[in-house]
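Here's the structure, in structure tokens; my notes come after.
In my numbering, the protein residues as written are 35 to 563.
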């Protein structure tokens, strides 16, 4: 069940991952015949504004397509762990994956009756679900996949190799580890997407339990479309009306007294939602019971809800009453550095991006569910990762290019890091801007600042700005050009020349430093003549 393609791009700056750029592209949920083509088109559209050269692609699969278990094993040589993990997974009653691909990572050690053992997080996915993701990115000359119809392979023209597939639970774990949770705290995370939901439980920020929940955000919308009878006769909402009511009103409180669309009251909305709400609460409570039995504990400190469906008004309060523990709405960007405030526009967008952000914060050498013949890519240096998933399909870009490219927060009309134009179009536009500047100088004391900003938004996609500083009339522009071809090496000089053609005065290329992956630069000048 694919609902959207979500992209998040981060970069390592001063030793910390910093969020640079995001994108969300919705997919038509109701056009089953064109679902696959629509998904691939959405992938292309979502990635269109991102620099993907030298990129590594990582896909995220939810519990609907994977099994993730925390198992305790005796201390053993590393080469014996895979067989032990397979044996543990095979004993699970719900382990029914076709041609499973299995991987693991060691989470730590525990002591059982005085004997030290190791805790291992094991993950598995079926070959068919993995192949379904891979062919969305398969390069034109990539090798055929086991479970994909060759007739649809031609649609996969993204030309990007998939380097890793990780479980959703691991992506969420990365958000947990970035957040300021207390030691010895046990936290349950309920991720409610449009078409799927998943419950994961973490102790000391480490995954201990994972389970799919068969109630999604769209289930609440559908429940509001069920017919009912009132004094006016039979009433039935359309999907559009139901979605609008869910978003605006959520779960009405017992004291609410209103009528929507002149045909449904607050009490009737609650009555239609209640069966699915009770099913959701029941599934969560049963999952808690399974966890308590498995881990021999009775403690969960709090439940945090993430995902697009988590924003429904009154949901956190309802779950808190039903489960008896504190429930909060999560904020995946609360403890994440951002290039500027507009990287994530609002809390609703942040909820949709939780998987993307979580995956971008991860360990590239962790769990990887790609097929065996592709696993040699696992050891590559991850300069940048672009990640996508199936279920609630989520794409992520994690740019680990070493550059001093992250700037102070830029508040002028959005991100100066959004770079779109081609150099072939740049010089004519600069000439137009120069004429614009000459007119503006007649009517304002500092018009060149606006012109400079317009120019900087026209830079190519592989140019990233680190800072733009104005000190009286002095301007300093610092950035980074990704790549190693001749055009990249001369780009700072060309940018300086363009700025000297009427935008700035006394332009000087202060520094230009070549690295293994690109060129850093700093340009200074003055506003006005």
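Where is the CB? At the ideal position from N, CA and C, for every residue including glycine.
- Between residue 522 and residue 553, the C-beta gap is smaller than 8 Å, which places the two residues in contact.
- Contact between residue 394 and residue 42 holds: their C-beta atoms lie close to 5 Å from each other, under 8 Å.
- For residue 260, same chain residues with a beta-carbon under 7 Å away, outside a window of 5 residues either side, are 306 in chain order.
- In the structure shown, residue 522 falls within a helical segment according to DSSP collapsed to helix, strand and coil.
- When 502, 246, 146 and 121 are compared, the shortest CA-CA separation from residue 136 is found for 121.
- Residue pairing by DSSP leaves residue 531 without any beta bridge partner.
- DSSP, read as helix, strand or coil, puts residue 366 in coil.
- Taking C-alpha positions only, residue 535 is separated from residue 559 by approximately 12 Å.
- Exposure of residue 110 is indicated by the presence of fewer than 16 other C-beta atoms within 10 angstroms of its C-beta.
- Pairing residue 236 with residue 221, the inter-Cα distance amounts to about 5 Å.
- Shortest Cα-Cα distance from residue 346 to any of 226, 71 and 57 involves 226.
- The closest CA to that of residue 108, considering only 203, 320, 154 and 124, is found on 154.
- Contact between residue 204 and residue 401 holds: CB atoms are separated by about 6 Å, below the 8 Å threshold.
- Between the alpha carbons of residue 143 and residue 505 lies a distance of about 55 Å.
- In the three-state scheme derived from DSSP, where H, G and I count as helix and E and B as strand, residue 561 is classed as strand.
- Taking all protein chains shown into account, residue 293 has fewer than 16 neighbouring C-beta atoms within 10 Å of its C-beta and is therefore exposed.
- Annotation: the continuous beta strand (DSSP E) that includes residue 222 extends over 220 to 226.
- In the three-state reduction of the DSSP assignment, residue 52 falls in the strand class.
- Residue 192 is not bridged by DSSP to any residue.
- Under the three-state reduction of DSSP, residue 165 is assigned to helix.
- Remark: fewer than three beta-carbon pairs, one from each stretch, lie closer than 8 Å, so the region 296 to 315 and the region 237 to 244 are not flagged as touching.
- The three-state reading of DSSP puts residue 84 in coil, since its state is none of H, G, I, E or B.
- In the DSSP assignment, residue 130 falls outside any beta strand (DSSP E) and carries neither an H nor an E.
- The residue from 539, 318 and 381 with its alpha-carbon nearest to that of residue 353 is 318.
- Nearest in C-alpha terms to residue 202, of all of 97, 359, 407 and 273, is 97.
- Within the region 97 to 127, the complete beta strand (DSSP E) runs of at least 3 residues fall at 100 to 108.
- In this structure, the beta-carbon distance from residue 159 to residue 99 falls below 8 Å.
- Ranked by Cα distance from residue 337, the options 232, 391, 555 and 362 are led by 362.
- Residue environment analysis places residue 498 among the buried positions, since at least 16 neighbouring C-beta atoms fall within 10 angstroms of its C-beta.
- In the same chain as residue 365, and ignoring 5 residues on each side of it, the C-beta atoms closer than 8 Å to its own belong to 381 and 384, in chain order.
- Contact between residue 276 and residue 255 holds: their C-beta atoms lie close to 5 Å from each other, under 8 Å.
- Short of 6 Å from the beta carbon of residue 392, and not among the five residues preceding or following it, lie these beta carbons of its own chain, in chain order: 205, 206, 208 and 209.
- For residue 267, the uninterrupted beta strand (DSSP E) run begins and ends at 267 to 269, by DSSP.
- Between the C-alpha atoms of residue 359 and residue 335 there is a straight-line separation of about 7 Å.
- Around the beta carbon of residue 532, a 10 Å sphere encloses 16 or more other beta carbons of the protein chains shown; the residue is thus reported as buried.
- By the neighbour-count definition (other C-beta atoms within 10 Å, threshold 16), residue 538 is a buried residue.
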